[in-house]
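Chemist: The listed protein sequences correspond, in order, to chains A and B.
Residue 48 in full-length UniProt numbering is what sits at position 48 of the first sequence, and the numbering runs on without skipping anything.
Residue 5 in full-length UniProt numbering is what sits at position 5 of the second sequence, and the numbering runs on without skipping anything.
Quick one: structure below, then a few questions.
Number of protein chains: 2
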Amino acid sequence: MAVAPDTAADLVYQIFDLQRAVRCIAAAGVRGQDTGVALQGVLRFVGEGESRATKLAERLGVSAPVLSRHIADLEEQGLVVRRQDPEDGRAQLVALTPAGKDKLRQIEEQRTAILQDYLRDWSEADAGNTAKTLHKLTESLKKSARATAAGIPSTPEEQKHG
Amino acid sequence: MAVAPDTAADLVYQIFDLQRAVRCIAAAGVRGQDTGVALQGVLRFVGEGESRATKLAERLGVSAPVLSRHIADLEEQGLVVRRQDPEDGRAQLVALTPAGKDKLRQIEEQRTAILQDYLRDWSEADAGNTAKTLHKLTESLKKSARATAAGIPSTPEEQKHG
DNA sequence: TATTGTTATACTCTATAACTATA
DNA sequence: TATAGTTATAGAGTATAACAATA
């Protein structure tokens, strides 16, 4: 049953090693650009369709003040527009401008090209399987982290104390 | 040959999604602690054996000033010690103190326990394969990033121009 | 009262530039 | 000259607290 401690420990280190490698590559890619990786992340989710700020913050995993600032920055760059939610006077709806769509497309094309180049000796199947593996890992982490944050006991011991 | 654009684009997003999930979990784990994730990373590599600061910075993928500050912080916390390299008057050798070893072990145990818990419905084989997959991806990225940084042309077009 | 969003402030992590000391 | 390391400074990204406006 479950995962052995040594395997879990190895997996932790593999995750952090990947983080480090990605950080270096991403940092090199945005050097001298106005739109840093955080703003790029916001653009991505706004690009999936007009959305509330609250919803965006949740999907991005950042706090509301952080998102508020990012939206303000993107608006200043002319990449997004805000309008009031017709169904809720407190809320805003954020959407990409044409310039924002261009920017997002450009960012995606650049990233895709770099990764294609970096993985040029990989097979299509390897890349596809890796994407699936990452997705599965991320979903497990998000699900468990949500449950933990909500105070749901996870181990049998904790459940007894509950 | 190689990886299709759509697959590469998907993989990029899977990588960033994992980063986000891990950031949230890691941030929650170090809340209120002296030893943040960056210092924990330094501890890990120092824990593999007494090492030069330069070597550590390279392995961590950070600049020399950043590592210098981290080492100073860890020394202040009594977790590492520095001594001059007997073979090079300019260089230092950094090693864990007993307290540093304790701290590293405690960090690893805590992380391992959390990941084991989060992946409690995973099989040992799935976890092992995921670790291997991450390792392969990281190695490909690091290798290509190194080559790019060194100015080695990567695409046939660029090679022709060289 | 609870929720949406903003502003003010501070912390973590990182980088570049300028420097000292040694090779 | 080149390398190892430090200090000073700046920037990106994030969080908490306090607030205003609306539900």
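All C-beta atoms, glycine included, are put in the ideal place defined by N, C-alpha and C.
Fair warning: this is a prediction, and the values are worked out from it, not measured in the lab.
Using CA coordinates, which residue listed in B:D6, B:E75 and B:V22 is at the minimum distance from A:E139?
Modeler: The shortest Cα separation from A:E139 among B:D6, B:E75 and B:V22 belongs to B:V22.
Chemist: Please confirm whether any heavy atom of the ligand NAD lies closer than 7 Å to the CB of A:G29.
Modeler: With respect to the ligand NAD, the structure shown offers nothing to examine, as it has no ligands at all.
Chemist: Is it true that the region 114-121 of chain B meets the region 141-150 of chain A, where meeting means three or more beta-carbon pairs spaced less than 8 Å apart?
Modeler: The answer is yes - the region 141-150 of chain A touches the region 114-121 of chain B, with three or more Cβ pairs under 8 Å.
Chemist: For A:K55 and A:L74, I'd like the C-alpha separation in whole angstroms.
Modeler: When rounded, the distance between both Cα atoms is 17 Å.
Chemist: Let me make sure I understand the geometry here. Which of B:K136, B:A26, B:L67 and B:G29 has the alpha-carbon closest to that of B:V46?
Modeler: For B:V46, the nearest C-alpha among the options comes from B:L67.
Chemist: What residues in its chain sit with their C-beta under 8 Å from that of A:G78, if we drop five residues either side in the sequence?
Modeler: So the qualifying residues of the chain are T97, A99 and G100.
Chemist: If the criterion is Cβ atoms closer than 8 Å, does the pair A:I114 and A:Q40 meet it?
Modeler: Cβ distance not < 8 Å, so A:I114 and A:Q40 don't count as in contact.
Chemist: What does A:G128 reach in chain B if we use C-beta pairs closer than 7 Å?
Modeler: Neighbours of A:G128 on chain B, chain order: T7.
Chemist: Starting from residue 167 of chain A and walking both ways along the alpha helix (DSSP H), at which residues does that stretch end?
Modeler: The question about residue 167 of chain A has no answer, for chain A in this structure spans 1 to 162.
Chemist: Are the beta-carbon atoms belonging to B:R83 and B:L93 less than 8 Å from one another?
Modeler: Yes, the pair counts as a contact, with Cβ atoms nearer than the cut-off.
Chemist: Beta-carbon of B:Q20 versus every beta-carbon of chain A: anything under 8 Å?
Modeler: Here the sequence assigns Arg to residue 20 of chain B, which means Gln is not the residue at that position. So, interface residue.
Chemist: Span of the beta strand (DSSP E) holding A:Q84?
Modeler: Counting along the chain, the beta strand (DSSP E) containing A:Q84 begins and ends at V80 to D85.
Chemist: Interface residues of chain B around A:F45 at Cβ under 7 Å?
Modeler: Per Cβ cutoff of 7 Å: no residues; A:F45 is ~11 Å from chain B at best.
Chemist: For the candidate residues A:K132, A:A53, A:Q110 and A:E124, whose alpha-carbon lies nearest to that of A:R90?
Modeler: The shortest C-alpha separation from A:R90 is found at A:A53.
Chemist: Could you give the distance in angstroms between the alpha-carbon of B:D17 and the alpha-carbon of B:E76?
Modeler: Distance between the alpha carbons of B:D17 and B:E76: 35 Å.
Chemist: At the 8 Å Cβ level, is B:Q14 part of the contact set with chain A, yes or no?
Modeler: By this cut-off, B:Q14 is an interface position.
Chemist: Are the C-beta of B:T97 and some C-beta of chain A separated by less than 8 Å?
Modeler: Taking Cβ atoms only, chain A never reaches closer than 8 Å to B:T97, which makes this a no.
Chemist: Determine the contact status of B:V81 and B:L60, defining contact as a CB-CB distance below 8 Å.
Modeler: Against a cut-off of 8 Å, the Cβ pair of B:L60 and B:V81 comes out as no contact.
Chemist: Using CA atoms only, rank isn't needed, just tell me which of A:R111, A:A64 and A:A125 is closest to A:G29.
Modeler: The candidate whose alpha carbon is nearest that of A:G29 is A:R111.
Chemist: What residues are listed by DSSP as bridge partners for B:R69?
Modeler: According to DSSP, which records beta bridges pairwise, B:R69 is partnered with nothing at all.
Chemist: Got a sec? Which residues, its chain only, sit under 8 Å from A:K136 by beta carbon, not counting five neighbours each side?
Modeler: Around A:K136: no qualifying Cβ.
Chemist: With a threshold of 6 Å on Cβ separation, who are the neighbours of A:K160 within its own chain once the five nearest residues in sequence on each side are excluded?
Modeler: Interpretation of A:K160 is limited by its pLDDT of 38, a score under 50 that renders its predicted location unreliable; no figure is taken from the coordinates.
Chemist: For B:S63, which three-state DSSP category applies?
Modeler: Residue state, collapsed to three classes: coil.
Chemist: Determine the burial state of B:A4: buried for a count of at least 16 other Cβ atoms within 10 Å of its Cβ, exposed for fewer.
Modeler: Burial call: exposed.
Chemist: From what residue to what residue does the alpha helix (DSSP H) around B:V30 run?
Modeler: Unbroken alpha helix (DSSP H) run through B:V30: P5 to V30.
Chemist: Apply the 10 Å Cβ neighbour rule to B:A27 and answer buried if 16 or more other Cβ atoms are within range, or exposed otherwise.
Modeler: Under this definition B:A27 is an exposed residue.
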